[in-house]
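This report refers to the structure that appears directly beneath it.
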């Protein structure tokens, strides 16, 4: 009888612990984009927009912060993001401001952004969504992007290969 009472008290605790362990095992692992990523122009599709001659990302991912430097055709842009789901200004230029809400959807990093023209600018407002994912071997970064304005839309698939670290394969 004492054994049954002890089991009745222990069983709910055991079931909750087992459920927590199962949930933790099923939670998707967030990708780590740390590295140098060089564009693969052969596998990329820019959806009718201008194709760069060269492009690469230098990314460092620390805890909840992702530091990115993007180099395209000699132009360098540096952006730090925190995937917290809040809208933040990514960069401000003379004609517009680029804002984005960044968050995780499983192992995919999602950017929901908009380009807001400055009041004195003739630039068009643009909305964009980017979904970043890694291949299973973590050597290929694929960015699927949708852009839209009042005048046009474009879908892009931009593929980057991870640069091998010297001395490692």
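In this note's numbering, the protein residues as written are 30 to 198.
Each residue gets a CB set at the ideal place from its N, CA and C atoms; glycine is no exception.
Would you say residue 170 and residue 140 are within 8 angstroms of each other, going by their C-beta atoms?
Here residue 170 corresponds to residue number 141 of the chain shown, with the count starting at 1. Here residue 140 corresponds to residue number 111 of the chain shown, with the count starting at 1. Contact flag unset, no.
Just checking, does the segment 55-74 make contact with the segment 173-182 on the three C-beta pairs under 8 angstroms criterion?
no
What three-state label does DSSP hand residue 151 in the structure shown?
Walking along the chain shown from the start, residue 151 turns up at place 122. Note: residue 151 maps to coil in three-state DSSP.
Could you round the C-beta distance between residue 147 and residue 166 to whole angstroms and report it? I think they count as a contact, below 8 angstroms.
On the chain shown, residue 147 is found 118 positions in, with the first residue counted as 1. On the chain shown, residue 166 is found 137 positions in, with the first residue counted as 1. Contact doesn't hold; Cβ gap of about 43 angstroms is too wide.
In angstroms with no decimal places, state the Cα-to-Cα distance between residue 153 and residue 94.
Position 124 of the chain shown, counting from 1, holds the residue named residue 153. Position 65 of the chain shown, counting from 1, holds the residue named residue 94. Computed Cα separation, rounded: 30 angstroms.
So which of 144, 99, 134 has the shortest CA-CA distance to residue 89?
Translated into the one-based positions of the chain shown, residue 89 becomes position 60. Selected option, being the one with the closest Cα: 99.
Nearest by alpha-carbon distance to residue 162: which of 126, 122, 187 is it?
Stepping through the chain shown from its first residue, residue 162 is reached at position 133. Here the closest residue by C-alpha is 187.
Can you give the Cα-Cα distance for residue 191 and residue 168, rounded to whole angstroms?
Translated into positions along the chain shown, residue 191 becomes position 162. Translated into positions along the chain shown, residue 168 becomes position 139. The straight-line gap from Cα to Cα measures roughly 5 angstroms.
Helix, strand or coil: which one does DSSP assign to residue 61?
By 1-based counting over the chain shown, the position of residue 61 is 32. Three-state DSSP puts residue 61 in coil, outside helix and strand.
Is residue 138 closer than 8 angstroms to residue 129 when the C-beta atoms are compared?
As a first step, residue 129 is located in the chain shown; it is residue number 100 there, counting from the start. As a first step, residue 138 is located in the chain shown; it is residue number 109 there, counting from the start. Not in contact: residue 129 and residue 138 (Cβ atoms no closer than 8 angstroms).
So, for residue 143: in the same chain, excluding its five sequence neighbours on each side, which residues have a beta-carbon less than 6 angstroms away from its beta-carbon?
As a first step, residue 143 is located in the chain shown; it is residue number 114 there, counting from the start. Closer than 6 angstroms at the Cβ level, and outside the excluded window around residue 143, lie 128, 156.
As assigned by DSSP and simplified to three states, the class of residue 25:
Residue 25 lies beyond the residue range present for the chain, which begins at 30 and ends at 198; the question has no answer from this structure.
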